[in-house]
Amino acid sequence: MAPTPDHQALVAIDSVANGAPAAPVAASASPSRRAWQRFRANRLGFWSLLVFCTLVVISLGAELVSNDRPLVVRYEGQTYFPLFNDYPETTFGGDFQTPTDYLDPFIRERLSQGDNWALYTLNRYGPDTLNYFAKEPNPSGPSRDNWLGTDDRGRDLLAQLIYGFRVSVLFGIALTVVGVALGVAAGAVQGFFGGKTDLAFQRFIEIWGSMPELYLLIIFSAVFAPSIGLLLVLLSLFGWMGLSDYVRAEFLRNRQLDYVKAARALGVSNGQIIRRHILPNSMTPVVTFLPFRMGAAILALTSLDFLGLGVPPGTPSLGELLSQGKNNIDAWWISIFTFGVLVTTLLLLTFMGDALRDALDPRKN
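Using the UniProt record's numbering, the letters of the sequence shown map in sequence onto residues 1 to 365.
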């Protein structure tokens, strides 16, 4: 028996970037499944998501990828785990009780004699490791020991980029979460209640948005010790206003729909109407702007670090590396590799945002 038209109904998915048609999705699929299929159909956005997630996972396990300590050491029949414990130099045949420098040629020779061995990470430098045994003055170019070269302090550039990328991504996620929470709350209150409440909030946003954010950052950085927490608080105070406008517009539209009027007629409280009925149907602009907001947060942190108003000294930072590149024009590897990491990160987030926007577009079936 031939299938019914209901079973034959298919939903066309947007063409992928190279123009090839994507696989159709059944019309009976849920809206979230259809959105996911549309997102996957955009190959540029989908592969950007995979690459970005891979980079984030690698950065979260940076200690297992780039570290100046071996993961495991087998010395004279004993097993040691330098990644988790500090061992004095005398443990491995040295003369001092100071923590072992595993890059010291003497220690490396001791760990390679006889049945002794050490399992090192892929890159044998940490974010603060200084290459005291470099053959060239700092900053030194790419070499066998330092694959991407060193900065002007002698620190390995590859390790700085890995750890700096992690700091930037985690800061971007935290700032995005806080900004979204504040923006959704403010926009929901304005859009749902409207009237004088909306008018008062709009006037407050106009006054608050006119405050010089950069000057406040300069003042607070002079009064308080630089910290990521302080930056997160200061940027969160201003980062929610752009998103609140979109949420407010969605609430103003959705509160006039029939299902909201029916809920009010049944005596449902305002909190339940907001949480269970209007908010789930107003999250499209919020989800769509998440990658763009995260990219803006990463760029803001990088800019502040470049100006010396960002993270505390000694913290791996892409902005600090860009500042070093500006001060050391001849050390081209600092600027090129740091700029490449920053541009790649922002491009991946932009491609993901474009694909997510198309996937959640209600006009696309």
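We treat Cβ as the ideally placed atom computed from N, Cα and C, and that holds for glycine.
As summarised for the region 57–133, the continuous beta strand (DSSP E) elements at least 3 residues long and confined to that stretch are 72–75, 78–80, 117–119, given in chain order. Annotation for Pro212: no alpha helix (DSSP H) segment contains it, and DSSP assigns it neither H nor E.
Distances from the CA of Pro313 to each of Ser32, Ala225, Tyr125, Val73 were compared; the closest alpha carbon is that of Ala225.
The alpha-carbon separation between Val56 and Thr176 amounts to approximately 16 Å. The Cβ-Cβ distance between Leu231 and Leu304 falls below 9 Å. For Gln160, the enclosing alpha helix (DSSP H) starts and ends at 157–193. Within the model, the alpha-carbon separation for Ile207 versus Ala200 is close to 11 Å.
The C-beta separation of Ser66 from Ala134 comes to about 17 Å, leaving the pair out of contact by the 8 Å criterion.
The beta-carbon separation of Asp156 and Tyr125, rounded to 3 Å, stays under the 8 Å limit for a contact. If you draw a straight line from the Cα of Phe81 to the Cα of Gly172, it is about 33 Å long.
Nearest to Leu237 by C-alpha distance, out of Glu320, Phe251, Ser210, is Ser210. Between the region 104–124 and the region 42–56, the count of C-beta pairs closer than 8 Å stays below three; the two stretches do not touch. In summary, Gly325 is buried, with 16 or more beta-carbon neighbours lying within 10 Å of its beta-carbon over all protein chains present. In the displayed model, Thr315 falls within coil according to three-state DSSP, outside both helix and strand. Less than 9 Å separates the beta-carbon of Leu235 from that of Ala297. Annotation for Arg248: Gly187, Gln190, Gly191 place their beta carbon closer than 6 Å to its own, counting only its chain and skipping 5 residues before and after. Classified as buried, Glu89 has 16 or more neighbouring CB atoms from the shown chains inside 10 Å of its CB.
Closest option to Pro31, judged by alpha-carbon separation, among Ser221, Asn146, Gln272, Asn281: Asn281. Separation of Ser221 and Thr315 (C-alpha to C-alpha, rounded to the nearest whole angstrom) is 16 Å.
Close CB contacts of Ser244 within its chain, under the 6 Å cut and outside five residues either way in sequence, are with Gly183, Ala186, Gly187 (chain order). For Trp333, the enclosing alpha helix (DSSP H) begins and ends at 332–359.
Under DSSP, Thr150 takes part in a beta bridge, and its partners are Asp156. Within the same chain, Leu217, Ser221 come within 6 Å of Leu309 by CB-CB distance, once the 5 residues on both sides are set aside. Straight-line spacing of the CA atoms in Ile336 and Leu148 works out to 10 Å.
DSSP places Arg255 in the coil class of the three-state scheme, outside both helix and strand.
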